[in-house]
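Visitor: Here it is, the structure in full.
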Amino acid sequence: MIKRKGEMTMAQLTEKEMQLVALISEECSTPADLTAKLKNLFAGALEKMLEAEMDEHLGYEKNSVLGNNSGNSRNGYGKKTVKSEWGESEISVPRDRNGTFEPRIIEKRQTRTDDIEARILAMYAKGMSTRDIEDHLRDIYGVEASASLISRITDKIMPAVTEWQSRPLDPIYPIVFLDGIVFKVRKDSRIINKCLYTVLGINMDGRKEILGIWLSENESASFWTTVCNELKNRGVEDILIACRDNLSGFSTAIETVFPKTEQQLCVIHQIRNSTKYVSYKDIKAVMADLKLVYDAPTLEDAEYRLEEFREKWETKYPQILKSWEANWAELSTYFKYPHEVRRLIYTTNAVEGFHRMLRKFTKTKTIYPTDEAVKKSVYLSIQEISKKWSMPIRDWGIIMGQLMIFFGDRLQGKVTS
């Protein structure tokens with residue numbers, strides 16, 4: 447017989463464990479019997495632990511003569527229903543006459559074990575709605591938990607969200623990506639769209655890191671200045687390259703807070719915006735000519751191809767030329783770098799990929815009741831998604847070597863061995 451990793455054979459069980467297995471096997475004939483037996487064992491174990499806590503609190507065991515004239519003694523039991531992964535169990539909680547006994551295993555007014563709260567948070571992080579979690583707990587564990595109770599349990603992580611959003615950051619991030627994702631939020635009896643802006647950094651080790659999230663109805667220079675100042679106050683001293691969509695007001699804000707940072711507009715977003723109003727019969731030709739521009743080997747060649755595009759399409763699609771010319775300074779930043787750096791910075795795909803995963807976790811929550819509910823859901827999703835970010839991005843060693851050539855003075859002494 448092949449034994450899977452982590453499995454135990456009967457020979458590895460202790461004598462007491464074997465006796466317990468034998469006892470359960472004799473009394474259980476179906477899975478339902480087994481669940482009921484484990485539920486009773488769970489309740490019995492809790493009561494034994496509470497009795498032990500009471501012995502420790504009083505300083506003597508039950509019925510011991512040491513309790514005579516000790517100033518405090520047992521005073522019967524109270525009933526409590528505890529919700530756990532085994533369902534709802536009624537247990538007897540010992541009391542003392544002075545009312546000073548404070549149990550630790552199941553505290554006063556605690557009606558749920560930590561494992562249930564952990565399961566609720568795990569299900570919420572996976573994108574389940576409070577109603578779905580309520581149904582799941584009832585159907586699988588036989589535990590009644592209202593949607594409002596589940597919401598209060600998940601609210602307990604808000605201090606962790608605040609702490610995470612204000613945590614210290616690294617002094618330098620070679621590359622930072624910025625983008626937004628829209629959520630529907632209830633406000634004053636209306637449902638409005640709010641954009642959650644994400645700042646994703648590539649740290650000096652080449653690993654992805656969400657630096658922070660900001661929820662806002664609109665973007666402006668003052669909004670982005672607040673974001674940039676917040677990053678600076680949390681320890682960020684320098685950003686080499688910031689890659690972004692055409693976010694309103696961001697260019698001015700980052701020039702104010704991080705004046706040395708180079709900016710790269712997302713070429714993919716620019717192409718999408720350029721072809722939005724192109725007729726179907728021209729789309730392939732326009733795309734092919736634009737590719738000659740953004741795929742050019744040098745800046746000079748790209749500018750030459752842009753002039754060719756002007757001669758061919760300016761009369762029919764003048765808005766495309768206006769957009770490329772207006773944004774050219776920040777669209778063309780990547781031409782100065784080698785292929786590996788270009789491939790990384792010419793698009794905001796890194797943060798867009800994160801948003802696609804985030805949407806998978808949050809797709810069941812169509813409308814959020816508050817801003818805090820959005821942040822709570824996104825924070826838990828980030829904890830799940832970032833578990834996969836254990837390795838540096840592709841070709842990071844090569845990219846870091848190339849960045850050292852362009853930003854050697856700013857990276858001096860900052861590169862880890």
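Residue numbers for the sequence shown, in this note's numbering: 447 to 863.
Quick reminder that beta carbons are idealized off the backbone N, C-alpha and C, glycines included.
Nothing here was measured: the structure is a model prediction, and the numbers come from that model.
By a C-beta neighbour count over all protein chains shown, 10 Å radius and 16 as the cutoff for buried, is residue 716 buried or exposed?
Guide: Indexing the sequence shown from 1 puts residue 716 at position 270. Buried, since its Cβ has 16 or more Cβ neighbours within 10 Å.
Visitor: Quick check: what's the CA-CA separation for residue 651 versus residue 549?
Guide: In the sequence shown, residue 651 corresponds to position 205, counting from 1. In the sequence shown, residue 549 corresponds to position 103, counting from 1. The straight-line gap from Cα to Cα measures roughly 47 Å.
Visitor: Is the beta carbon of residue 616 less than 7 Å from the beta carbon of residue 649?
Guide: As a first step, residue 616 must be located in the sequence shown, where it is residue number 170. As a first step, residue 649 must be located in the sequence shown, where it is residue number 203. A contact, by the Cβ cut-off of 7 Å.
Visitor: Pick out whichever of 846, 567, 627 has its Cα sitting closest to the Cα of residue 830.
Guide: In the sequence shown, counting from the first residue as 1, residue 830 sits at position 384. Just measuring C-alpha positions, the residue of 846, 567, 627 sitting nearest residue 830 is 567.
Visitor: Do residue 599 and residue 689 have their C-beta atoms within less than 7 Å of each other?
Guide: The residue you call residue 599 lines up with position 153 of the sequence shown. The residue you call residue 689 lines up with position 243 of the sequence shown. Going by C-beta atoms, residue 599 is not nearer than 7 Å to residue 689.
Visitor: Would you decide whether residue 631 is buried or exposed? Buried here means 16 or more other CB atoms lie within 10 Å of its CB.
Guide: Counting from 1 along the sequence shown, the entry for residue 631 is found at position 185. Per the 10 Å Cβ criterion, buried.
Visitor: Looking at the structure shown, is residue 625 part of a helix, part of a strand, or coil, going by DSSP?
Guide: Residue numbering aside, residue 625 sits at position 179 when the sequence shown is read from its first letter. If DSSP states are grouped into helix, strand and coil, residue 625 belongs with the strands.
Visitor: Should residue 614 and residue 680 be called a contact, given that it needs their Cβ atoms to be closer than 7 Å?
Guide: Numbered from its first residue, the sequence shown carries residue 614 at position 168. Numbered from its first residue, the sequence shown carries residue 680 at position 234. A contact, by the Cβ cut-off of 7 Å.
Visitor: For residue 784, which option in 776, 760, 756, 742 has the closest C-alpha, if you only look at C-alpha atoms?
Guide: If you number the sequence shown from 1, residue 784 lands on position 338. Cα-wise, what sits closest to residue 784 is 742.
Visitor: So the alpha helix (DSSP H) residue 697 belongs to, where does it begin and stop?
Guide: For this step, residue 697 is matched to residue 251 along the sequence shown. Its alpha helix (DSSP H) spans residues 696-703.
Visitor: Taking Cβ to Cβ, would you say residue 496 is nearer than 7 Å to residue 528?
Guide: Counting from one through the sequence shown, the residue named residue 496 turns up at place 50. Counting from one through the sequence shown, the residue named residue 528 turns up at place 82. With respect to residue 528, residue 496 sits apart: the two C-beta atoms are not nearer than 7 Å.
Visitor: Buried or exposed: which applies to residue 647, given that a residue is buried once 16 or more other Cβ atoms fall within 10 Å of its Cβ?
Guide: Taking the first residue of the sequence shown as 1, we reach residue 647 at position 201. Burial call: buried.
Visitor: Under three-state DSSP, which class holds residue 605?
Guide: The residue labelled residue 605 in the question sits at position 159 within the sequence shown. Looking at residue 605 - three-state DSSP - the assignment turns out to be helix.
Visitor: Quick one: residues in its chain with C-beta nearer than 8 Å to the C-beta of residue 745, no 5 flanking neighbours on either side, listed in chain order?
Guide: Counting from 1 along the sequence shown, the entry for residue 745 is found at position 299. Excluding sequence neighbours, residue 745 sits near 778, 781, 782.
Visitor: Give me the Cα-Cα distance between residue 518 and residue 656, rounded to the nearest whole angstrom.
Guide: The residue you call residue 518 lines up with position 72 of the sequence shown. The residue you call residue 656 lines up with position 210 of the sequence shown. Taking the straight line from one Cα to the other gives about 55 Å.
Visitor: Tell me the residue span of the alpha helix (DSSP H) that contains residue 718.
Guide: In the sequence shown, the residue the question calls residue 718 occupies position 272. Per DSSP, residue 718 is one residue of the alpha helix (DSSP H) stretching across 713-720.
Visitor: In the DSSP assignment, find the unbroken beta strand (DSSP E) run with residue 638 in it and report its ends.
Guide: For the purposes of this step, residue 638 is taken as the residue at position 192 of the sequence shown. Here the beta strand (DSSP E) through residue 638 covers 636-648.
Visitor: Let me know the secondary structure DSSP gives residue 453 once reduced to three states.
Guide: Residue mapping note: residue 453 aligns to position 7 of the sequence shown, counting from 1. Unreliable positioning characterises residue 453 in this predicted model, as indicated by a pLDDT of 45, which lies under 50. A coordinate reading is not provided.
Visitor: Taking buried to mean at least 16 other C-beta atoms within 10 Å of its own C-beta, is residue 601 buried or exposed?
Guide: For this step, residue 601 is matched to residue 155 along the sequence shown. That one is exposed.
Visitor: Can you tell me whether residue 760 is buried or exposed, with buried defined as 16 or more other CB within 10 angstroms of its CB?
Guide: Taking the first residue of the sequence shown as position 1, residue 760 is located at position 314. Exposed is the call here.
Visitor: Is it buried or exposed for residue 858, if we count other Cβ within 10 angstroms and need 16 for buried?
Guide: For the purposes of this step, residue 858 is taken as the residue at position 412 of the sequence shown. Classification of residue 858: exposed, given that the 10 Å Cβ count is below 16.
Visitor: For the 8 Å Cβ check, are there 3 or more pairs between the region 665-676 and the region 825-844?
Guide: no
Visitor: Going by DSSP, which residues form a beta bridge with residue 660?
Guide: Residue 660 sits at position 214 when you count from the first residue of the sequence shown. Its beta-bridge partners are 643.
Visitor: For the alpha helix (DSSP H) containing residue 742, list its first residue and its last residue.
Guide: For the purposes of this step, residue 742 is taken as the residue at position 296 of the sequence shown. From DSSP, residue 742 is part of no alpha helix (DSSP H); its letter is neither H nor E.
Visitor: So, under 8 Å CB-CB, residue 642 and residue 824 are touching, yes? Tell me the CB distance rounded to an integer number of Å.
Guide: Here the question's residue 642 lines up with position 196 in the sequence shown. Here the question's residue 824 lines up with position 378 in the sequence shown. Going by Cβ atoms, the distance from residue 642 to residue 824 rounds to 6 Å, so yes, they are a contact pair.
Visitor: In the structure shown, what three-state DSSP assignment does residue 725 receive?
Guide: Against the sequence shown, residue 725 aligns to sequence position 279. Three-state DSSP puts residue 725 in coil, outside helix and strand.
Visitor: Evaluate the contact criterion for the region 724-735 versus the region 760-772: three or more CB pairs, one atom per stretch, below 8 Å.
Guide: yes
Visitor: Just mark residue 609 as buried or exposed, buried being the case when its beta carbon has 16 or more other beta carbons within 10 Å.
Guide: On the sequence shown, position 163 is the one that residue 609 refers to. With fewer than 16 other Cβ atoms within 10 Å, it is exposed.
Visitor: Going straight from the alpha carbon of residue 520 to that of residue 832, what length do you get?
Guide: Position 74 of the sequence shown, counting from 1, holds the residue named residue 520. Position 386 of the sequence shown, counting from 1, holds the residue named residue 832. If you take the alpha carbons of residue 520 and residue 832, they lie about 51 Å apart.
Visitor: Between residue 734 and residue 695, is the Cβ-Cβ spacing less than 7 Å?
Guide: As a working note, residue 734 is residue 288 in the sequence shown. As a working note, residue 695 is residue 249 in the sequence shown. Taking 7 Å as the Cβ cut-off, residue 734 and residue 695 do not qualify as a contacting pair.
Visitor: Assuming residue 848 contacts residue 786 (C-beta within less than 8 Å), just tell me the rounded distance between them.
Guide: Your numbering for residue 848 matches position 402 in the sequence shown. Your numbering for residue 786 matches position 340 in the sequence shown. At roughly 6 Å, the Cβ-Cβ gap stays under 8 Å, so residue 848 and residue 786 are in contact.
Visitor: With DSSP as the reference, label residue 673 as helix, strand or coil.
Guide: For the purposes of this step, residue 673 is identified with residue 227 of the sequence shown, where counting begins at 1. Residue 673 falls in the helix class under three-state DSSP.
Visitor: At what residues does the beta strand (DSSP E) containing residue 684 begin and finish?
Guide: Here residue 684 refers to the residue found at position 238 when the sequence shown is read from its first residue. Its beta strand (DSSP E) spans residues 684-690.
Visitor: Starting from the Cα of residue 611, find the closest Cα among 834, 826, 702 and give me that residue.
Guide: The residue given as residue 611 occupies position 165 in the sequence shown. The shortest C-alpha separation from residue 611 is found at 826.
Visitor: Ordered along the chain, which non-local residues of its own chain (more than five positions away) have a Cβ less than 6 Å from that of residue 627?
Guide: Translated into the one-based positions of the sequence shown, residue 627 becomes position 181. Result list for residue 627: 642, 801, in chain order.
Visitor: Does the Cβ of residue 793 have 16 or more other Cβ atoms within 10 Å, making it buried, or fewer, making it exposed?
Guide: Numbered from 1 along the sequence shown, position 347 holds the residue referred to as residue 793. Label assigned to residue 793: buried.
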